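Written out below as structure tokens is the structure these notes cover.
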Ligand code: MLT
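In this note's numbering, the protein residues as written are 1479 to 1863.
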């Protein structure tokens, strides 16, 4: 039996994937795995039993990913599972910002009570809400991952010119990009030509404040900026100053802070990017499948702190999470050599500071497990029979 702790409401189609061997509850005290959406986990202490955390979503800034890696806890996310939902809200944001829809709607509501005069008042007053069409304009996209590529292709379909920047562009994503999207090697080439800029990168210490006074200065006057990724990617004082000067015509933000609320031409949304039933279902199913495959088979797919590694075995699987440093693998394998146990199959992969080695063997003793656990730089050993 395994215990799964849920820290947020997770769609039933996801939790249902676990089956009868699992207890899933929001009050488990010593879980084997945790499922989470946006609950903040930085102050949590983790039990020795905890194998993995499944984030039903893309951003993992609510999880202490490095601490988890050091404790042998594999953190998974669900890249792409909510990408369509975010894409649709980005397209909505483009139109909201361009056609001045929020202000226009508020004004239309304010006409209530004017009886037969409403029609003439609408016709007379609407001219102040004129805003440009997006077709023919240039959309700059910073980050061409699962979301960025969908936004790029949708914008091309709406008649926009699209310029994208992503220093980590994967071959898989490049193949999915509409050939009309121009990929540039220098982000300044996005800033220089774009009428609209949307950012789709994870938030971390390198991306914090990507949009700041310096980068805004490189943009066209009247640019409209969209941020449905994370609030911290845009420096608030800089965007407020740029909105007040008219350098930036509108800022669509799905992560409003007290500072930016109420600022003219800020269009604030309450983190709605992935708030669709479809995205919630997709994320829950993907996170549950990733956790289950790791718990039961030791396979890692879509981890943010350990490498992907899949090995299906018929015998015993020895799973070792360790530091990515010299001599660990030879010490692991020689533990079996000394005991005259043949290694049938082996997979090793690394991700930055951490690595994962899986071995298939016909037998292993408790003493050997203790030897493996005691090796320098070995973080966790798990035997799956
Ligand atoms: C994500 O990171 O996947 C989106 O911001 C939605 C969410 O936080 O769940």
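Backbone N, C-alpha and C define an ideal beta-carbon position, used for all residues, glycine too. All of these numbers come straight from a predicted model, not from anything done at the bench.
- [ ] To the nearest angstrom, report how far apart residue 1577 and residue 1561 are at their CA atoms.
- [x] Between residue 1577 and residue 1561, the C-alpha separation is close to 24 Å.
Open item on the list: Beta-carbon within less than 6 Å of residue 1504's beta-carbon, same chain only, minus the 5 sequence neighbours each way: which residues are those?
Closed with: Taken in chain order, the residues that qualify are 1484.
- [ ] Report buried or exposed for residue 1840, applying the criterion of at least 16 other Cβ atoms within 10 angstroms of its Cβ.
- [x] Counting Cβ neighbours within 10 Å, residue 1840 comes out exposed, since fewer than 16 surround it.
Task: Whole-number beta carbon distance between residue 1492 and residue 1782, since they are thought to touch under 8 Å - done: Under the criterion of beta carbons closer than 8 Å, residue 1782 and residue 1492 do not qualify as touching, at roughly 18 Å.
Task: Any non-hydrogen atom of the ligand MLT closer than 7 Å to residue 1752 Cβ - done: For residue 1752, the shortest C-beta to heavy atom distance toward the ligand MLT is below 7 Å.
Task: Three-state secondary structure assigned by DSSP to residue 1605 - done: DSSP places residue 1605 in helix when its eight states are reduced to three.
Open item on the list: Once DSSP output is grouped into helix, strand and coil, what is the label at residue 1577?
Closed with: The answer is coil: DSSP assigns residue 1577 none of H, G, I, E or B.
Open item on the list: On the DSSP letters alone, give me the boundaries of the alpha helix (DSSP H) that residue 1493 sits inside.
Closed with: Counting along the chain, the alpha helix (DSSP H) containing residue 1493 begins and ends at 1490 to 1493.
- [ ] Go ahead and pull the three-state DSSP assignment for residue 1549.
- [x] It is coil, neither helix nor strand.
Task: Sub-8 Å separation of residue 1716 and residue 1691 beta-carbons - done: Yes, the pair counts as a contact, with Cβ atoms nearer than the cut-off.
- [ ] Rank 1513, 1546, 1654, 1510 by C-alpha distance to the C-alpha of residue 1521 and give the top, closest one.
- [x] Closest in alpha carbon position to residue 1521, among 1513, 1546, 1654, 1510, is 1546.
Task: Alpha-carbon to alpha-carbon, residue 1648 and residue 1847 - done: Between the alpha carbons of residue 1847 and residue 1648 lies a gap of roughly 38 Å.
Open item on the list: Can you determine whether any heavy atom of the ligand MLT sits closer than 7 Å to the C-beta of residue 1536, and answer yes or no?
Closed with: Yes - the ligand MLT has a heavy atom lying nearer than 7 Å to the Cβ of residue 1536.
TODO: Count the other CB atoms, across all protein chains shown, that sit within 10 Å of the CB of residue 1733; report buried if there are 16 or more and exposed otherwise.
DONE: With 16 or more other Cβ atoms within 10 Å, it is buried.
- [ ] Identify the continuous beta strand (DSSP E) that holds residue 1705 and give its terminal residues.
- [x] Residue range 1701 to 1705 is occupied by the beta strand (DSSP E) that includes residue 1705.
Task: For residue 1807, the first and last residue of its enclosing alpha helix (DSSP H) - done: Taken as a continuous stretch (DSSP letters only), the alpha helix (DSSP H) holding residue 1807 covers 1806 to 1816.
Open item on the list: Between the alpha carbons of residue 1784 and residue 1632, how many angstroms are there, rounded?
Closed with: Rounded to whole angstroms, residue 1784 and residue 1632 show a C-alpha spacing of 33 Å.
Task: Helix, strand or coil at residue 1588 according to DSSP, with G and I counted as helix - done: Looking at residue 1588 - three-state DSSP - the assignment turns out to be helix.
Open item on the list: Taking only three categories from DSSP, how would you classify residue 1820?
Closed with: Here residue 1820 sits in coil by DSSP.
Task: beta-carbon residue 1516 near the ligand MLT non-hydrogen atom, thresh 7 Å - done: In this structure, the C-beta of residue 1516 approaches the ligand MLT to less than 7 Å from one of its heavy atoms.
- [ ] With a cut-off of 8 Å on the beta carbons, I'd call residue 1511 and residue 1482 a contact; round off their distance for me.
- [x] Going by Cβ atoms, the distance from residue 1511 to residue 1482 rounds to 5 Å, so yes, they are a contact pair.
Open item on the list: How far does the beta strand (DSSP E) with residue 1765 in it extend, from its first residue to its last?
Closed with: In this chain, residue 1765 is not harboured by any beta strand (DSSP E); it is covered by the alpha helix (DSSP H) spanning 1755 to 1775.
TODO: Note the first and the last residue of the continuous alpha helix (DSSP H) segment covering residue 1511.
DONE: Under the DSSP assignment, residue 1511 falls outside any alpha helix (DSSP H), being part of the beta strand (DSSP E) whose first and last residues are 1511 to 1514.
Task: residue 1679 versus 1573, 1711, 1797, residue with shortest Cα-Cα distance - done: Considering only alpha carbons, the answer is 1711.
TODO: Please report the residue range of the beta strand (DSSP E) in which residue 1801 lies.
DONE: Taken as a continuous stretch (DSSP letters only), the beta strand (DSSP E) holding residue 1801 covers 1794 to 1801.
Open item on the list: Suppose contacts are defined by Cβ-Cβ distances below 8 Å. Is residue 1638 in contact with residue 1670 by that definition?
Closed with: No.
Open item on the list: I'd like to confirm something about residue 1631: is its beta-carbon nearer than 7 Å to some heavy atom of the ligand MLT, or not?
Closed with: Checking every heavy atom of the ligand MLT against the Cβ of residue 1631, none is found closer than 7 Å.
- [ ] State buried or exposed for residue 1644, treating a residue as buried only when at least 16 other CB atoms are found within 10 Å of its CB.
- [x] It is buried - the Cβ of residue 1644 has at least 16 other Cβ atoms within 10 Å.
Task: Boundaries of the alpha helix (DSSP H) in which residue 1666 is found, first to last residue - done: Judged by DSSP secondary structure, residue 1666 falls within the alpha helix (DSSP H) whose first and last residues are 1666 to 1671.
Open item on the list: Looking at the ligand MLT, does it come within less than 7 Å of residue 1560, judged from the CB to the closest heavy atom?
Closed with: Indeed, a heavy atom of the ligand MLT lies less than 7 Å from the Cβ.
TODO: List the DSSP bridge partners of residue 1483.
DONE: In DSSP, residue 1483 forms a bridge with 1503, 1512.
- [ ] Spell out the partners DSSP gives residue 1533 in its beta bridges.
- [x] Per DSSP, 1514.
Task: Short Cβ contact (8 Å threshold) for residue 1615 with residue 1674 - done: In this structure, residue 1615 lies near residue 1674, with their beta-carbon atoms less than 8 Å apart.
Open item on the list: Going by C-alpha to C-alpha distance, which of 1824, 1579, 1592, 1628 sits closest to residue 1605?
Closed with: Ranking 1824, 1579, 1592, 1628 by Cα distance to residue 1605 puts 1579 first.
TODO: Give a single yes or no on whether residue 1499 has its beta carbon closer than 7 Å to a heavy atom of the ligand ATP.
DONE: What this structure holds is the ligand MLT, not the ligand ATP.
TODO: May I have the straight-line CA-CA distance separating residue 1750 from residue 1822, to the nearest angstrom?
DONE: Near 49 Å, if we compare the C-alpha coordinates of residue 1822 and residue 1750.
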